[in-house]
Structure formats: structure tokens, C-alpha cells
Amino acid sequence: MYLIHAAILLPILAGVGIAFMKRLSRSFHLGWAVLTIPLVLLIYFLSLIPQISNRNLISESLDWMPSLGINFTILLDGLSLLLALLITGIGSLVVLYSIYYMKQDQALHRFYLYLLLFMGAMLGVVLSDNMMVLYGFWELTSIASFLLIAFHHKKEASIRGASKSFLITVFGGFAMLTGFILLYLISGSYSIRETIASVSNIAEHHLFVPALILILIGAFTKSAQFPFHVWLPDAMEAPTPVSAYLHSATMVKAGIYIVARFTPVFGGEATWFWIISLVGTISMVYGALIAIKKTDLKAILAYSTISQLGLIMSLFGLGSAALYFGYGSESLLYTTATMAGLLHLFNHALFKGSLFMMAGIVDHETGTRDIRKLGGLITVMPLTFTVALIGTFSMAGLPPFNGFVSKEMFFKATLEAADFSIFSLGTWGIIFPVLAWIGSVMTFIYSLVIVFRTFLGKNKTDIPLQKLHEAPIGMLIPPLILVSMVLITGIYPDILSSSIIEPAMASVLSPLLAEGERFDVHLYLWHGLTPELWMTVGVIVLGVISYKLLPRWKTVYEEYIPVYTINKGYNSIFRALHRFSKRWTQTYMNGSVRNYLIYIFVFMIVLISYGFYHATNIEWNFSGYDSFKLYETILLVGLVVTAICIPFAKHRLSAVILTGAVGYLVSLFFVLFRAPDLALTQMVVETVSVALFLLCFYHLPELTPKSSKKYKSINLIISIGVGIIVMLIALAASGTTQLETISEFYTKESYNLAGGKNIVNVLLVDFRGFDTLLEIMVLGVAALAIYSMINLNLNGKDLGSSHFTLAKEKQESTEKEKSNSNPESWNSVSLRSNDVFLQMSTKIIVFIILIFALYLFFAGHHQPGGGFISGLVTASALVLLAIAFNTDTLRRILPVDYRTVIACGLLISLATAAGSFVFDLPFMSQAFGYFDIPLLGEVELTTATLFETGVFMAVLGVTMTIILQIGEDR
Numbered sequence: 001m002y003l004i005h006a007a008i009l010l011p012i013l014a015g016v017g018i019a020f021m022k023r024l025s026r027s028f029h030l031g032w033a034v035l036t037i038p039l040v041l042l043i044y045f046l047s048l049i050p051q052i053s054n055r056n057l058i059s060e061s062l063d064w065m066p067s068l069g070i071n072f073t074i075l076l077d078g079l080s081l082l083l084a085l086l087i088t089g090i091g092s093l094v095v096l097y098s099i100y101y102m103k104q105d106q107a108l109h110r111f112y113l114y115l116l117l118f119m120g121a122m123l124g125v126v127l128s129d130n131m132m133v134l135y136g137f138w139e140l141t142s143i144a145s146f147l148l149i150a151f152h153h154k155k156e157a158s159i160r161g162a163s164k165s166f167l168i169t170v171f172g173g174f175a176m177l178t179g180f181i182l183l184y185l186i187s188g189s190y191s192i193r194e195t196i197a198s199v200s201n202i203a204e205h206h207l208f209v210p211a212l213i214l215i216l217i218g219a220f221t222k223s224a225q226f227p228f229h230v231w232l233p234d235a236m237e238a239p240t241p242v243s244a245y246l247h248s249a250t251m252v253k254a255g256i257y258i259v260a261r262f263t264p265v266f267g268g269e270a271t272w273f274w275i276i277s278l279v280g281t282i283s284m285v286y287g288a289l290i291a292i293k294k295t296d297l298k299a300i301l302a303y304s305t306i307s308q309l310g311l312i313m314s315l316f317g318l319g320s321a322a323l324y325f326g327y328g329s330e331s332l333l334y335t336t337a338t339m340a341g342l343l344h345l346f347n348h349a350l351f352k353g354s355l356f357m358m359a360g361i362v363d364h365e366t367g368t369r370d371i372r373k374l375g376g377l378i379t380v381m382p383l384t385f386t387v388a389l390i391g392t393f394s395m396a397g398l399p400p401f402n403g404f405v406s407k408e409m410f411f412k413a414t415l416e417a418a419d420f421s422i423f424s425l426g427t428w429g430i431i432f433p434v435l436a437w438i439g440s441v442m443t444f445i446y447s448l449v450i451v452f453r454t455f456l457g458k459n460k461t462d463i464p465l466q467k468l469h470e471a472p473i474g475m476l477i478p479p480l481i482l483v484s485m486v487l488i489t490g491i492y493p494d495i496l497s498s499s500i501i502e503p504a505m506a507s508v509l510s511p512l513l514a515e516g517e518r519f520d521v522h523l524y525l526w527h528g529l530t531p532e533l534w535m536t537v538g539v540i541v542l543g544v545i546s547y548k549l550l551p552r553w554k555t556v557y558e559e560y561i562p563v564y565t566i567n568k569g570y571n572s573i574f575r576a577l578h579r580f581s582k583r584w585t586q587t588y589m590n591g592s593v594r595n596y597l598i599y600i601f602v603f604m605i606v607l608i609s610y611g612f613y614h615a616t617n618i619e620w621n622f623s624g625y626d627s628f629k630l631y632e633t634i635l636l637v638g639l640v641v642t643a644i645c646i647p648f649a650k651h652r653l654s655a656v657i658l659t660g661a662v663g664y665l666v667s668l669f670f671v672l673f674r675a676p677d678l679a680l681t682q683m684v685v686e687t688v689s690v691a692l693f694l695l696c697f698y699h700l701p702e703l704t705p706k707s708s709k710k711y712k713s714i715n716l717i718i719s720i721g722v723g724i725i726v727m728l729i730a731l732a733a734s735g736t737t738q739l740e741t742i743s744e745f746y747t748k749e750s751y752n753l754a755g756g757k758n759i760v761n762v763l764l765v766d767f768r769g770f771d772t773l774l775e776i777m778v779l780g781v782a783a784l785a786i787y788s789m790i791n792l793n794l795n796g797k798d799l800g801s802s803h804f805t806l807a808k809e810k811q812e813s814t815e816k817e818k819s820n821s822n823p824e825s826w827n828s829v830s831l832r833s834n835d836v837f838l839q840m841s842t843k844i845i846v847f848i849i850l851i852f853a854l855y856l857f858f859a860g861h862h863q864p865g866g867g868f869i870s871g872l873v874t875a876s877a878l879v880l881l882a883i884a885f886n887t888d889t890l891r892r893i894l895p896v897d898y899r900t901v902i903a904c905g906l907l908i909s910l911a912t913a914a915g916s917f918v919f920d921l922p923f924m925s926q927a928f929g930y931f932d933i934p935l936l937g938e939v940e941l942t943t944a945t946l947f948e949t950g951v952f953m954a955v956l957g958v959t960m961t962i963i964l965q966i967g968e969d970r
């Protein structure tokens, strides 16, 4: 494990730890503990600036799935360092701000868990070189942002905003994933660096442009570009620290990062140039146009963010034209746009972060963000006014703030684009400086609206000025630090030239530099009397006049801008899709478990039959099979007869017993065929399943005495079909000799490579350990789903049966009582036995079973057993205890929340699997060795035991969660 990998995982692991500090948060603000994480990471990345500036890039890789070309490869270059500094720097200030903004009774453990999860995911996005790993972190940012936006989950607006952002960004993520896969098919590598190196060989491929478009869709959705911008204003329902972090410096910059990172691949293509430049320019103008209309401070800042992101995006689009000419002096003439884009990327994070914090302070002190109800705050909140003044003037592009420097370069880049001799810019290039100037005028107007309507004029709040006061100093320090940097980097912008901007340019436009070469980057506040300066003067003059006349011409929004906005269009489409999906789903999701099984089995029959029909290397070789023994024949006949009796059972109890009997007879076959692991697992699963059926017996509908011929015929046909398909699979697997069998490898190498003699167990925890990890995750999700369904008191019915367990009248009479009850306080009538003999014998049998489970756990690596079967046996002992006495007794003896047991088991297994990274080994690599231990002698120790512990806990937790929830009649 390398330090750079640890930098990504540290916030995520710290967030998990913070989640368990709920009780501590009552007496201690968790923000102080959380603050150390981004601060440490910020110091670490700051220390790397000299190294990266000298072109000593950091590239480290941990094997994950090397056979698929998916490795945890990290690349820290100038571009990723710029974003990492913003993520950790702004993150540190946001955490400090949140300490004074968030109250201690607001579930801080959840808030900081989500925030740190997002921070780690963002670092993963900007530092990953492998496209698949990047995509994984990309979607993790969507999940974390959903949780952060929906933090106030009792507010409908918060849930709506979180859902909208999640749907749009995940849709874009899927598009981007498809683009990554297409790039892999073209280049043969998931590595971004290797793809860049092979760009000359892949540019003419017919999948090149589709990959380009799909990747851009992902970038545009994340960076809220037109027409995917509709999620960002609704996301303002998030707490202000979240808005200051996600929507100024991090999440919305992820799309811009993708564009910058893939510019060496797609740059120089006309499609890439026009799509990014036009979408960015339109977003800039549209966002600024709508921002003027808004009256909520955060809404104004949201649309201004869309506008500013569009400005940055358009700059990277214009800058990509430099790669059209390739290496040479001519291409250097077109690099201004990229330089301006990187500078404004940095500047925007500073002034927009401070403005979001300012909006939070105003809301915190006055109770409103509506500028129609604000005014006159300059006298009571002078420091907040200073923050607003510097932040808005920098956003408007006024000197001596950093926004002026990057805005001047923006104008210069658009003027240069109008003179480009490529991509038909001689004809259409003039649109860029014109729209840039119009957008800047509107930016100037809403900047004045923010600062003047909020702080000047008369006080319109419901609170007298005498009772208003400045925010706590702790809440003021972060925005004051940001605006101080705005001022410093505005007056002395060249301090960023060689340390931040030039290394980032070298990453974005790497094909334009030979080894050892550098871009000539020098930034100044004063550039002389240039055309772009006169454009700025024009912006100021027209902006001031337009602001003064704003009440007269603002009515244009109501008269000329159409009522049917893009946001309304999205909502209409979403509602239509929801209605369609609901009607379509109701046609097959009708509550009948029988029907669901029919869908699954029919699909399985058709799919596998199709595979058999088209397979060319399957042999049907029936030679070499052994003859039936008499006891095998008797057992088989008994199994068949028992299975046939199940459909003819007239009572549920008979059906349950017969089903269990079939399972036990199958386990006997496993014993006869020398498969003790399977026999043990089958036997315990049947025992627990029968107990589960009996526990929920009361809730099962009665069997219908009569069924139609059609009903029975469908059941018969599907049953025979499934049986034939499974039989054909078994015959094909045993009869085919063309394919090399893999069993010989496991037989020879299970002990040499994994240190285990029990091949089945070695497969589960080593060779196929990844499958086991995913399986226990699925089991955990299933158990939590069952727990949620029962505790939410969801009423269901089996439409395949004509009988309902509760009369309609009784169900309606208890509806109100159930809706007002708390699931945790329900009085449960636990299943119990009055059999004294059962209770007495259980006290002894339980300990015998638990000792046997302990033996199975430790013997599993060499003998039949393992964590999975041990967990089931342990659960069966606890189920026996619950049946003999009652579930309340079991809860008193073991006061354990089995959901926590599931979580701990999954974490242990996952930590064991990821622990191999520490030793620079692929994910899920196990190790073993032999050690002399006093009193025990030579003992084999293996990391698989830790993995088995996680499996044991997960299986135990899953089984007991289901048993205890179903075993209580509420």
C-alpha cells in the first residue's frame, strides 16, 4: 500500500469510524475530529507541489483484477494535484465552517460520514488512471452527494432535489462507462495514459466519436451543463456547507476534470471542439440570464455556478484546438484558452465557496435567503459584507481580484478563437466573443444584485437591526480566508504560474511538449490597454446601467421567456415515465410469488435452451457412468416419491414437512457421493428453512382446495422443463471432454497455493473468494430488505391463491392503529414451547451444537466445515433456543443487534480482501504460514481465517435477522 493510495482511503475509513461516534457527538462536536483529515491531506498535497512542478510525477499501482486490466493505479500530475488541493483545501474550510453552522442535534455522525465519503470519492476520481476505477469513484460521488443533499430527509424538497441530482448524474455515469468500454475496445487498455499514448492509432476508429460523445454526456451531467443543469438548483436544499463544498469546488468540477483529462485523447477533433465550446457558452449565457430572475440567494448562486462552469467548459473546448496542429510552435498560439480555463477553475472555487458561506451566514442570522426580505445588513454584518463584496466583484471580473485576471484571459481566448483558421471558425468564430461579452454583462448584473440587495438599503427582515449581529468568528474565518486568497492571487497571480497552472497545462496539453519542455506561463493583473480590457469596461458601463434600470426591464422574463422551462420539461418527462413504468410494472408485479417464479424459470429455460442449441463444443458422452447400487435406487425412489407428493399435499404443514424431507434426502446423496461439505450445508439449510417456515406458518395463506387445469398444467410444464434443463446441464458438464477441466488445477494446487486440504473451502475463501464476498453482500442486502419490509408493515397478498389470511374488514379496522404505531415498540407474541423436556434438553444440546460449530469453523480449511457452515450451525442453535423458550429469552441472553453483526462481518471480509494491497498484492490475495506456538507446536496460520470470520458473522447475522423478524407475530 502506497501513501498516495492511503490518501484516498483515509477519508472513507475515517468516515466509517465517525459513523460509530453518535454518542460522542452529544458532548463533543465531531467536526473538530473530522477537521484533521482534510488538513492532513492538504499538507500532504502541498508538500508535493515542488515535486510535481519539476515533472516528477507520482504513479503507483496496486493489482486488483489484473486479468481484466483493472488495477488501482494512481497518477498524480499537475491537473490532478490542482483538483486535489481544491478538494482538501476547500474541504478543510467547509468542515471548520460546519462546526459552527451545524447543530449538535443534527445527526452529525451521518453528516460527516457522507462528507468524508464524498471527499475520498472525489480524490479517487481525480487521482485514478484506470478508467474502471475512476468510474467506481465517480458513482460513489453520486451516492454520497445524494445522501448529503437529502440530509434533511424529512423535507420533501430535499428528497426531490437529491433524487433529481442522483438520476441525472447516474444516467451520465452510465453513458460515460459505455464510453470507457468503447475506448477499451479501441485501445485495448483501461489506462488513461496508455490510451493517450496510442491516440494516433485509434483516432480513425469508427467507435472513436461515439466514445467521445458518451464521455461528454457524463461530464456535462456532473458539471450541470445545459440541458442537464436542472438538478443543480434543486440541490440547493442541501445544508449550506454541502453547497459550498460540492457545488463550488468539487462535484461540479468533476465533469470539467474529465474534459481536461481526456483532452489529449480527443483534442483536435472538430466534434470535441464544437460540442464543448457551444455547450459551455450556452450554459454560461443561460445560467446568467436565469440568475438575474431569482430572488433566493442560493438559487442565484446555483445558476451563477451553472454560468461559471459553462465559462470554464467553453475555455477547455476552445483550448482543445491547439492539439489540432500537434507538436510545434504554431500550436502554442492556441493555448491561452486552456491556461484561462485552469486559472478560472481555481479562482471560481475560491470566490464561489466564500459566497455560498456568505449566503449561509445571512440565512443563519436572519432566517431568510430571500433578497426581497433583506437589506441594510452592512451596518450589523460588516465582515460578511466584505466577504460578499470581494466574492461578487471577483465573480464579476473586477480588479484587483483574481476573477479579473481569468476573465481578461477568457476574453482574449474568445477573440483569438474568432481568428482561428480551422473548424470553420472564420465564419462562426465571432459568436464566442459576442456571447462571452453578453454573458459577462449579465454576470455583472446578478453580482451587484447579490451584494447590494442584501447589504445596502433599508432593513426588510422581520428582525430589527438592533437584534441582528455578526456571525460567530468560527463561521467567518473560512470565508475570510477564501476572500483573502481571492485578493492575494488577484494582485499577485504569478505565484500560481509555475507551481499550479503550468504543471496542470502540461497534463492537459501533454502532446504539445517534448521531454523537458515547459509552457511559458506568466500571469499579471495589468496587461495594458488591450481589447479585452475595453470589453471589461463595456461590461461595467452596460452592467451598471442595466442594474439601475433592472425594475423596468426585468418584466421581460414574464413576457418573453417561455413558461415551459427545461426544468418543467424534465418534471413532465419524469412524471410520464413514472406513470408508464408503474402501469407496466403492475402488469407483471402483481403480488403472486408463483408468477414471479414462472418468469424466472421460463427465462432460464429459454436462455439455456438457446445456449445448448447454438453450442458447438458440447459432447453428450454417456459412457463411463457407474451402475446404480441398490441403496442408491431405494434412496432415489424415495426422493422422487416425496417430491411428487408435495403438489398433492392438502395442508401447508404437510407441504413444509415434505419439502424438508426432499432436502434431507438430497443431503444423503451428498454423503453417499463423498461431498461432506455439501451434505452439512444442505442439512443445516433445510433445518433452518423448515424452522423458518414454521415460524411464519401463521402468516402463510391456506392452500386452495381446488385449482384449475390451466393452473396445474402450467406448473407441470415448467417443473418438467426446469428438471430437463438441469439434467442436461449436468450431463453436458460431465460428458464434454473438449474443454480442459479446471478441477485438476484445484486438486493439485489447493494445498500448495492456499495451504488447505479441503478443496471446497479453499475455493470459497481463496480461489473464488471474490464470489463469496459478493454472495454475503447479497445475503446482507436481502436480510435488511426483509427487516425493512416487516418493520414498515407492508401488507402483501399472494394473488396466486384465492385465500387471504385476514378478512378485509379486520384489515381495515386495524389500519389506523398500525399506521400510528412504532415498529420498535410493538408488543410481540413470540413463538414459544411449553414442552419442559424440550426446554431442559435444549440447555444441553445448544452447547453441543455451538461446540460443533466452533470445530467446523477451525477445521474447515483441511476438513469439512468453514465459516459459512459454522455460521448456519450457530444460527440453528440459537433458533432452537428461541423455539424452546422464546425470542425474548434469546434477546436477553444475547442482546445483540444482528444487523450490526452483518455489517461487522462484511467489513471484516472486505478489510481482509483489501489488506493484500498493503503487501502490493492483488485484491483478495490470501497468505498462510507455519509457526511454532508454545504448547501447541507447529500451527498453520492463514489470513483466510479472518475472511472466514467475516463470512461467519455475516451468515449468522443474516439468518438471525430473518428468523427473529419473522418469528415474532406483531
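The numbering used here numbers the first residue of the sequence shown as 1 and each following residue consecutively.
Backbone N, C-alpha and C define an ideal beta-carbon position, used for all residues, glycine too.
Source: prediction; values computed, not measured.
Exposed unless 16 or more other CB atoms sit within 10 angstroms - verdict on L984: In the structure as shown, the chain begins at 1 and stops at 970. Residue 984 is therefore absent and cannot be evaluated.
Spatial neighbours of W274 in its chain, beta-carbon cut-off 8 Å, leaving aside the 5 residues before and after: Here the question's residue 274 lines up with position 274 in the sequence shown. Correct list, in chain order: G317, F423.
Three or more C-beta pairs below 8 Å linking the region 879–893 and the region 21–37: Verdict: no, contact absent.
Counterpart residues of L323 in DSSP-defined beta bridges: Working through the sequence shown from its first residue, we reach residue 323 at position 323. Per DSSP, L323 has no beta-bridge partner at all.
Nearest residue (CA-CA) to L76, options I500, A436, I430: Residue 76 sits at position 76 when you count from the first residue of the sequence shown. When I500, A436, I430 are compared, the shortest CA-CA separation from L76 is found for I500.
Burial state of I290, where buried means 16 or more other Cβ atoms lie within 10 Å: By one-based count along the sequence shown, residue 290 stands at place 290. By the neighbour-count rule (16 or more Cβ atoms within 10 Å), I290 is buried.
Environment of V637 [buried if 16+ CB atoms lie within 10 Å]: Locating residue 637 in the sequence shown gives position 637, counting from the first residue. Taking all protein chains in view, the Cβ of V637 is surrounded by fewer than 16 other Cβ atoms within 10 Å, so the residue is classified as exposed.
G403 to F351 span [Cα, whole Å]: Residue numbering aside, residue 403 sits at position 403 when the sequence shown is read from its first letter. Residue numbering aside, residue 351 sits at position 351 when the sequence shown is read from its first letter. Each residue's Cα considered, the two are about 8 Å apart.
Nearest-angstrom Cβ-Cβ length linking F401 and F393, presumed shorter than 8 Å: Your numbering for residue 401 matches position 401 in the sequence shown. Your numbering for residue 393 matches position 393 in the sequence shown. Contact flag correct, Cβ pair sits at about 6 Å.
C-alpha gap between W428 and A418, whole angstroms: Start at 1 with the first residue of the sequence shown, and residue 428 comes out as number 428. Start at 1 with the first residue of the sequence shown, and residue 418 comes out as number 418. Cα to Cα, the separation comes out at about 8 Å.
Closest Cα partner of T681 within the set L856, A107, F919, N201: Within the sequence shown, the letter at position 681 stands for residue 681. Of the listed residues, the one whose Cα sits closest to T681 is L856.
Beta-carbon gap between L183 and P11 smaller than 7 Å: Position 183 of the sequence shown, counting from 1, holds the residue named residue 183. Position 11 of the sequence shown, counting from 1, holds the residue named residue 11. No; because the gap between Cβ atoms is not below 7 Å, this pair is not in contact.
Identified DSSP bridge partners for D370: The sequence position of residue 370 within the sequence shown is 370, counting from 1. Under the DSSP definition of a beta bridge, D370 partners with D296.
C-beta contact flag for L658 and I646 at 7 Å: Translated into positions along the sequence shown, residue 658 becomes position 658. Translated into positions along the sequence shown, residue 646 becomes position 646. L658 places its beta carbon less than 7 Å from that of I646.
Contact under 7 Å by Cβ, L482 with S304: Counted from its first residue, the sequence shown places residue 482 at position 482. Counted from its first residue, the sequence shown places residue 304 at position 304. The answer is no: Cβ separation not under 7 Å.
Exposure of P493, with buried meaning 16 or more beta-carbon neighbours within 10 Å: Taking the first residue of the sequence shown as 1, we reach residue 493 at position 493. Buried: at least 16 other Cβ atoms inside 10 Å.
Straight-line Cα distance separating L82 from L342: The residue labelled residue 342 in the question sits at position 342 within the sequence shown. The residue labelled residue 82 in the question sits at position 82 within the sequence shown. Straight-line spacing of the CA atoms in L342 and L82 works out to 9 Å.
Whole-Å CB distance - L728 paired with I963, under 8 Å assumed: Residue mapping note: residue 728 aligns to position 728 of the sequence shown, counting from 1. Residue mapping note: residue 963 aligns to position 963 of the sequence shown, counting from 1. L728 to I963, Cβ: 36 Å. No contact.
Helix, strand or coil at L57 according to DSSP, with G and I counted as helix: The residue you call residue 57 lines up with position 57 of the sequence shown. Reduced to three states, the DSSP call for L57 is coil.
Distance, G663 Cα to E632 Cα: Within the sequence shown, the letter at position 632 stands for residue 632. Within the sequence shown, the letter at position 663 stands for residue 663. Cα-Cα distance, rounded: 16 Å.
Cβ pair F220, F228 closer than 7 Å: Start at 1 with the first residue of the sequence shown, and residue 220 comes out as number 220. Start at 1 with the first residue of the sequence shown, and residue 228 comes out as number 228. With contacts defined by Cβ atoms closer than 7 Å, F220 and F228 form a contacting pair.
Distance, K293 Cα to V556 Cα: Locating residue 556 in the sequence shown gives position 556, where the first residue counts as 1. Locating residue 293 in the sequence shown gives position 293, where the first residue counts as 1. Whole-angstrom Cα-Cα distance: 10 Å.
Beta-bridge pairing of V939 - partner residues as DSSP gives them: Against the sequence shown, residue 939 aligns to sequence position 939. V939 pairs with F931.
Nearest-angstrom beta carbon gap, S484 and V521 [assumed within contact, 8 Å]: Stepping through the sequence shown from its first residue, residue 521 is reached at position 521. Stepping through the sequence shown from its first residue, residue 484 is reached at position 484. Contact between V521 and S484 is ruled out by a C-beta separation of about 23 Å, above the 8 Å threshold.
Cβ shell of F868 (< 6 Å), same chain only, five flanking positions each side left out: By 1-based counting over the sequence shown, the position of residue 868 is 868. Its chain contains V951, V955 as the residues whose beta carbon lies nearer than 6 Å to that of F868, once the 5 sequence neighbours on both sides are disregarded; these appear in chain order.
I70 - partner residues in DSSP beta bridges: Position 70 of the sequence shown, counting from 1, holds the residue named residue 70. M65.
Inter-residue Cα distance where the pair is V242 and I149: Stepping through the sequence shown from its first residue, residue 242 is reached at position 242. Stepping through the sequence shown from its first residue, residue 149 is reached at position 149. Between V242 and I149, the C-alpha separation is close to 7 Å.
C-beta contact flag for I306 and A224 at 7 Å: As a first step, residue 306 is located in the sequence shown; it is residue number 306 there, counting from the start. As a first step, residue 224 is located in the sequence shown; it is residue number 224 there, counting from the start. Contact flag set, yes.
Three-pair Cβ contact test at 8 Å for the region 374–382 versus the region 455–470: Short answer: they touch.
V640 versus Q586 - alpha carbon distance: Walking along the sequence shown from the start, residue 640 turns up at place 640. Walking along the sequence shown from the start, residue 586 turns up at place 586. Roughly 37 Å between the two C-alpha positions.
Proximity to A615 [Cα-Cα], best of A19, A732, E515, I491: Within the sequence shown, numbered from 1, the residue matching residue 615 stands at position 615. It is A732 whose Cα lies nearest to the Cα of A615.
Supposed contact pair R369 and V362 - C-beta distance, whole angstroms, cut 8 Å: Taking the first residue of the sequence shown as position 1, residue 362 is located at position 362. Taking the first residue of the sequence shown as position 1, residue 369 is located at position 369. V362 to R369, Cβ: 7 Å. Contact.
Nonlocal neighbours in the same chain, by C-beta distance under 7 Å from H977, ignoring five residues either side: Summary: the structure shown does not reach residue 977, with the chain confined to residues 1 through 970, and so no result is reported for it.
Contact check, F444 vs G543, beta carbons under 7 Å: Your numbering for residue 444 matches position 444 in the sequence shown. Your numbering for residue 543 matches position 543 in the sequence shown. Contact: yes.
C-alpha distance - G756 paired with V836, whole-angstrom precision: Taking the sequence shown and counting its residues from 1, one reaches residue 756 at position 756. Taking the sequence shown and counting its residues from 1, one reaches residue 836 at position 836. Distance between G756 and V836, taken at the CA atoms: about 44 Å.
Nonlocal neighbours in the same chain, by C-beta distance under 7 Å from A162, ignoring five residues either side: The residue given as residue 162 occupies position 162 in the sequence shown. So the list reads F146, I149, A150, once near-sequence residues are dropped.
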